[in-house]
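Counting the sequence shown from 1 gives a position; the working numbering is that position plus 1.
Built from N, CA and C at the ideal position, the CB exists for glycine as well.
In this text, all values refer to a predicted model and were calculated from it rather than measured experimentally.
Report on the following structure.
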Amino acid sequence: MAAIGTLMVDTVATSFYKNMHFSKSKQVNVDEEVGDDEHAGHVHIHTHATHGHAHGAAGPSHERSLSDLVRQRIISQVLELGIVVHSVIIGISLGASESVDTIKPLLAALSFHQFFEGMGLGGCISQAEFKSLTTTIMMLFFSLTTPIGIGVGIGISSVYKENSPKALIVEGIFNSASSGILIYMALVDLLAADFMNPRMQSNVRLQLGAHISLLLGAGCMSFLAKWT
Numbered sequence: 002m003a004a005i006g007t008l009m010v011d012t013v014a015t016s017f018y019k020n021m022h023f024s025k026s027k028q029v030n031v032d033e034e035v036g037d038d039e040h041a042g043h044v045h046i047h048t049h050a051t052h053g054h055a056h057g058a059a060g061p062s063h064e065r066s067l068s069d070l071v072r073q074r075i076i077s078q079v080l081e082l083g084i085v086v087h088s089v090i091i092g093i094s095l096g097a098s099e100s101v102d103t104i105k106p107l108l109a110a111l112s113f114h115q116f117f118e119g120m121g122l123g124g125c126i127s128q129a130e131f132k133s134l135t136t137t138i139m140m141l142f143f144s145l146t147t148p149i150g151i152g153v154g155i156g157i158s159s160v161y162k163e164n165s166p167k168a169l170i171v172e173g174i175f176n177s178a179s180s181g182i183l184i185y186m187a188l189v190d191l192l193a194a195d196f197m198n199p200r201m202q203s204n205v206r207l208q209l210g211a212h213i214s215l216l217l218g219a220g221c222m223s224f225l226a227k228w229t
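Below, the structure is given as structure tokens:
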């Protein structure tokens with residue numbers, strides 16, 4: 002259900018932001034043409050024809066690049082949402098743990114887990130070309146959610162019962178929601194785009210290496226799940 006919900010949010014947000022950005026772009030083009038017409042004077046026909054030709058050549062390319070940028074920004078934001086939800090739950094589990102034998106392997110697994118998630122999210126954010134303020138806010142959210150979760154876990158450790166029905170239900174709901182979001186984003190928005198790249202499609206060795214790396218990475222993350 003979380004994956005289906007992510008699909009709905011993904012498609013609606015993409016169409017909304019594309020329409021919003023394209024309408025702004027078209028309005029700017031209209032304003033530029035009006036300005037050129039006002040200053041052209043007696044050479045109106047010649048300059049307008051040249052101006053129209055330039056827009057015709059650059060328009061489709063500009064729209065494609067704008068579409069890719071909007072898409073990348075949505076991917077980054079939805080991906081961070083899934084990671085943040087997951088990080089809070091992991092942090093609470095770590096903070097509420099009272100056994101040293103449980104905390105040590107969980108901390109090691111969590112460190113590797115967050116490291117690779119951070120690399121993936123950082124790559125998406127860099128491609129999205131956010132403003133500095135937005136990038137900083139997204140970095141802070143990713144960096145602080147796990148420590149906040151740990152603090153919450155420590156605060157409720159005296160009353161928190163890890164194996165109680167309520168705790169298991171809440172943890173299961175949040176884990177399933179974050180898992181659905183992350184699986185959808187990984188398969189549809191990240192891996193599919195890379196594997197369908199023309200460079201990948203034309204190179205058998207590159208395809209083989211990518212598939213092997215994908216399986217190894219999935220295996221390593223599954224192995225880390227033993228402690229998380």
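Simplified DSSP assignment, three categories, for ALA226: Here ALA226 carries a coil assignment [DSSP, helix/strand/coil].
GLU172 (DSSP reduced to helix, strand or coil): Per DSSP, reduced to three states, the secondary structure at GLU172 is helical.
Three CB pairs or more closer than 8 Å across the stretch 105-120 and the stretch 160-167: no
7 Å CB neighbourhood of THR1 in its chain, flanking five on each side removed: As displayed, the chain neither begins before 2 nor continues past 229, which places residue 1 out of reach and without an answer.
Bounding residues of the alpha helix (DSSP H) (the contiguous stretch that carries PHE186): The amino acid at residue 186 is misidentified as Phe; the sequence shows Met. Careful: MET186 lies outside any alpha helix (DSSP H) and carries neither H nor E.
Contacts around GLY154, its chain only, beta-carbon distance under 8 Å, and the 5 residues preceding and following it disregarded: GLY92, ILE93, SER94, LEU95, GLY96, ALA97, SER98, TYR161
Beta-carbon spacing of ILE76, TYR18 below 8 Å: no
Test item: CB-CB of VAL86 and PHE175 under 8 Å: yes
Proximal residues to ASP11 (C-beta, below 7 Å), its chain only, five neighbours per side dropped: ILE75, VAL79
SER203 burial status per 10 Å Cβ neighbour count (16 or more: buried): exposed
ILE184 beta carbon less than 8 Å from that of ALA4: yes
Nearest-angstrom Cα separation, counted from GLY156 out to ALA187: 33 Å
Simplified DSSP state of ALA58, which is helix, strand or coil: Any reading at ALA58 needs caution, since the residue's pLDDT is 45, under 50, leaving its predicted position unreliable; the model's value is listed next. Looking at ALA58 - three-state DSSP - the assignment turns out to be helix.
Spatially closest choice to MET140 from ASP195, GLN115, SER159, by CA coordinates: GLN115
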